[in-house]
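Colleague: Please read through the structure below; I'll follow up with questions.
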Ligand code: PLP
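In our numbering, the protein residues as written are 46 to 428.
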């Protein structure tokens, strides 16, 4: 007799990301204008692809060290040291299978059942999913649209309990594109010391900044409670390489390396050779992509304004939030109708949290023509 598979209940009950739901629909249809996914539309720069191919040709086809290739760890350490001024060596670095694995490792190492995790709302859905996976309790702090999605230190302080184990910071933010201030970063690290919790700082978009300056938590971490997440996926258009990295205290890195063994054994040598070429090679590709995202951001904002829509101009990353409450349905319903009726895929606001229930997120990692047509069709649904 057939049986239902008895999936662990907290995983069966876990909601999946709404971005992937819409992406699944987009992949099944023809000629969809794709504005939902956070993936650079540029080709990976050729010198990076060449380095990965050369590595394969020269025998990089085997298991590697759990912590990642030594030259890459050195290069990543150099990256953190030069961008933050904080002394960093390879002992502070573990290379992972994409930045998501750096995040998943942090949750595995720090979140015990019942521990509370402070998570931004709106925020990338994976933070809440990871918390549920580890049987922790998500406690959301609010990024209010009327405050330009800036977090409020006093509100966060009010959410802290003796069970607060860690806080997640994502700046520039997915999905809002906003950057937190230096004062906020200083304040949050002070709170973390006073109340003894860790700060997982997802800085994957730190090189995609249009206005203002990104502030890393690292210079404000005086006692090793910052776990900084980065990677090559977004900066270098390398999402398919799956290379991310964590900068943390050496004793954390030892445990993180152990976790790679359980979860993925190790990274992929050729992909890491590509990442090394990205970090050590010419950075003009990054400057060029950044200029293109900035142009698209400005273009999209002009178009949205022309159509009289309510939106928030992002300071960084490549996302832009639009308020669709005029449509009289929530952001998920709107995104479903939009793909069915107008062949445009966008990320539904509710997947990022309660405060973005009536919003949608569009990705600026798409061509100008796609943005123009996509915005026109969104506008058509609002009139
Ligand atoms: N962190 C944020 C905020 C992201 O938006 C993403 C990908 O969308 C990641 C981490 C994961 O990056 P990777 O593709 O390197 O795993």
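Note that the Cβ used here is the ideal one computed from N, Cα and C, for glycine as well. All values derive from a computational prediction rather than experimental measurement.
1. Are residue 272 and residue 144 close, meaning C-beta to C-beta below 8 angstroms?
2. Can you tell me the Cβ-Cβ gap for residue 253 and residue 361, rounded? I've got them flagged as a contact below 8 angstroms.
3. Using DSSP with H/G/I as helix, E/B as strand and the rest coil, what is residue 62?
4. Check the C-beta distance from residue 389 over to residue 427 and give it rounded, since I have them as a contact under 8 angstroms.
5. Looking at the unbroken alpha helix (DSSP H) that takes in residue 295, where does it start and where does it end?
6. For the region 108-120 and the region 346-363, state whether three or more C-beta atom pairs, one from each stretch, are separated by less than 8 angstroms.
7. Tell me which residues share the same chain as residue 406 and place their Cβ nearer than 6 angstroms to its Cβ, disregarding the 5 neighbours each side in the sequence.
8. Which residue wins for smallest C-alpha separation from residue 305, given the options 138, 122, 211?
9. If contacts are defined as beta-carbon pairs under 8 angstroms, then residue 83 and residue 408 qualify, I think. What distance do you get, rounded to the angstrom?
10. In terms of alpha-carbon separation, which member of 67, 51, 54, 58 lies closest to residue 376?
11. Taking only three categories from DSSP, how would you classify residue 136?
12. What did DSSP end up calling residue 329 once you bin it into helix, strand or coil?
13. Can residue 179 and residue 156 be called in contact, C-beta distance under 8 angstroms?
14. So does the region 278-292 actually touch the region 320-340, counting three or more Cβ pairs closer than 8 angstroms?
15. Which first and last residues belong to the beta strand (DSSP E) in which residue 191 is found?
16. With a threshold of 7 angstroms, establish whether the CB of residue 63 neighbours any heavy atom of the ligand PLP.
17. Determine the closest residue to residue 274 out of 292, 265, 262, 260, with distance taken between C-alpha atoms.
18. Compute the minimum distance between the beta carbon of residue 215 and the heavy atoms of the ligand PLP, and state whether it is under 7 angstroms.
19. Excluding five sequence neighbours on each side, which residues of the same chain lie with their C-beta closer than 7 angstroms to the C-beta of residue 311?
20. Buried or exposed for residue 188, please, with buried defined as at least 16 other CB atoms from any protein chain shown within 10 angstroms of its CB.
21. Exposed or buried, which one is residue 147 when buried takes at least 16 other CB atoms within 10 Å?
22. Mind listing, in chain order, the residues whose beta carbon lies closer than 6 angstroms to a non-hydrogen atom of the ligand PLP?
23. Can you tell me whether DSSP reads residue 143 as helix, strand or coil?
24. Under a Cβ-count criterion, where at least 16 other Cβ atoms within 10 Å of its own Cβ denotes burial, should residue 278 be classed as buried or exposed?
25. With H, G and I counted as helix, E and B as strand and the rest as coil, what does DSSP make of residue 215?
26. DSSP puts residue 334 in a beta bridge; with which residues?
27. Does residue 393 come out as helix, strand or coil in the three-state DSSP assignment?
28. According to DSSP, what are the bridge partners of residue 366?
Modeller: Taking the geometry as given:
1. no
2. 5 angstroms
3. coil
4. The pair is not a contact, with the Cβ atoms about 12 angstroms apart (cut-off 8 angstroms).
5. 295-308
6. no
7. 220, 364, 366, 392
8. 138
9. 6 angstroms
10. 67
11. helix
12. helix
13. yes
14. yes
15. No beta strand (DSSP E) contains residue 191, which DSSP labels as neither H nor E.
16. no
17. 292
18. yes
19. 108, 109, 110, 111, 305
20. buried
21. buried
22. 83, 143, 144, 145, 169, 215, 219, 247, 249, 276, 278, 284, 289
23. helix
24. buried
25. strand
26. Beta-bridge pairing links residue 334 to no other residue.
27. strand
28. 357, 406
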